[in-house]
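Trainee: Numbering (mature numbering (1 follows the signal peptide of the UniProt record, and there is no 0)), first residue to last: -31 to -1, 1 to 181.
All C-beta atoms in this analysis are idealised placements derived from N, C-alpha and C, irrespective of residue type, glycine included.
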């Protein structure tokens, strides 16, 4: 009987401890996250490059949609949830850090046929105006300027806010975005028209604001 009683007490104690941990840990941490843009902390954020990349896709001779990625992207975000139009985004993309799943293509992309990285090793983006979608407050249009191969053109990115909240090392806000550009606008005409001109860019970004 004592063993049964002790076992029951142990189970009750373990259950109470589990509830206590949930109440003081996981549940609180979850409650600290927000999917409401106006609740996000204002301030200066920097892209977590380990969780931020650009995936590009282009028509390949009509046979498939070919996909690759740029990694090691650097970006800064000045976020003002009270006035989104006052927010600012800048990004630098190292064109040499391209992953196309083909070593030969990776090398070819560095040449004057494509990026010409000997003279233009990076591409840059800077926002000009950010406007929320009144029908979907977690979405925004980011109007900006993309500079590639020394040519600057306007680009509009559709952005979705995912969530924000405290994480290890700071406070994080996560976004996904998409934009479509014409490579010929930047002087990249190799393979046209067999190789697609329109390039779709999908952007993944987790931005961190250090906590004091």
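(1) Using C-beta distances below 7 Å, list every residue in its chain close to residue 119, excluding the 5 sequence neighbours before and after it, in chain order.
(2) According to DSSP, is residue 76 helix, strand or coil?
(3) Tell me the residue span of the alpha helix (DSSP H) that contains residue 1.
(4) How many angstroms separate the CA atom of residue 93 from the CA atom of residue 61?
(5) Would you mind stating whether residue 178 and residue 13 have Cβ atoms separated by less than 8 Å?
(6) When you compare each of 53, 141 and 79 to residue 102 by their alpha carbons, which one comes out closest?
(7) Taking residue 81 and residue 58 to be in contact with their CB atoms under 8 Å, please state how far apart those CB atoms are, rounded to whole angstroms.
(8) Might you give, ordered along the chain, the residues of its own chain that have their beta carbon closer than 6 Å to the beta carbon of residue 148, omitting 5 neighbours on each side?
(9) At which residues does the beta strand (DSSP E) containing residue 122 begin and terminate?
(10) Give every residue of the same chain whose Cβ lies closer than 6 Å to the Cβ of residue 26, excluding the five residues on either side of it in the sequence, and list them in chain order.
(11) Using 8 Å for Cβ pairs, my map puts residue 41 next to residue 63. What's the rounded Cβ distance?
(12) Apart from the five residues on each side of it in sequence, which residues of its chain come closer than 7 Å, Cβ to Cβ, to residue 180?
(13) Please identify the residue among 166, 84 and 22 whose C-alpha is closest to the C-alpha of residue 116.
(14) Ignore the nearest five residues each way along the sequence and tell me which others in residue 68's own chain have a CB closer than 7 Å to its CB.
Mentor: Let me lay it out:
(1) Sequence index remark: in the chain shown, residue 119 carries index 150 (1-based). Cβ neighbours of residue 119 beyond the five flanking positions: 89.
(2) Start at 1 with the first residue of the chain shown, and residue 76 comes out as number 107. Of the three classes helix, strand and coil, the one that applies to residue 76 here is helix, per DSSP.
(3) Residue 1 sits at position 32 when you count from the first residue of the chain shown. Unbroken alpha helix (DSSP H) run through residue 1: -5 to 1.
(4) Within the chain shown, residue 93 is the residue found at index 124, counting from 1. Within the chain shown, residue 61 is the residue found at index 92, counting from 1. Looking at the two C-alpha atoms, the distance is approximately 5 Å.
(5) Locating residue 178 in the chain shown gives position 209, counting from the first residue. Locating residue 13 in the chain shown gives position 44, counting from the first residue. Against a cut-off of 8 Å, the Cβ pair of residue 13 and residue 178 comes out as a contact.
(6) As a position in the chain shown, residue 102 is number 133, starting the count at 1. Considering only alpha carbons, the answer is 53.
(7) Sequence index remark: in the chain shown, residue 81 carries index 112 (1-based). Sequence index remark: in the chain shown, residue 58 carries index 89 (1-based). Actually they do not touch by this definition, with Cβ atoms about 30 Å apart.
(8) Within the chain shown, the letter at position 179 stands for residue 148. Around residue 148: 124, 126 and 170.
(9) Along the chain shown, one-based indexing puts residue 122 at 153. Unbroken beta strand (DSSP E) run through residue 122: 120 to 136.
(10) The count along the chain shown starts at 1 and reaches residue 26 at position 57. Here the set comprises 34, 36 and 169.
(11) What you label residue 41 is simply residue 72 of the chain shown in a count that begins at 1. What you label residue 63 is simply residue 94 of the chain shown in a count that begins at 1. Rounded to whole angstroms, the Cβ separation of residue 41 and residue 63 is 5 Å, and the two are in contact under 8 Å.
(12) Residue numbering aside, residue 180 sits at position 211 when the chain shown is read from its first letter. If we look at residue 180 and ignore the five residues flanking it on each side, its Cβ neighbours are 139 and 140.
(13) Taking the first residue of the chain shown as 1, we reach residue 116 at position 147. The shortest C-alpha separation from residue 116 is found at 84.
(14) Taking the chain shown and counting its residues from 1, one reaches residue 68 at position 99. Answer for residue 68: 37, 38 and 40, listed in chain order.
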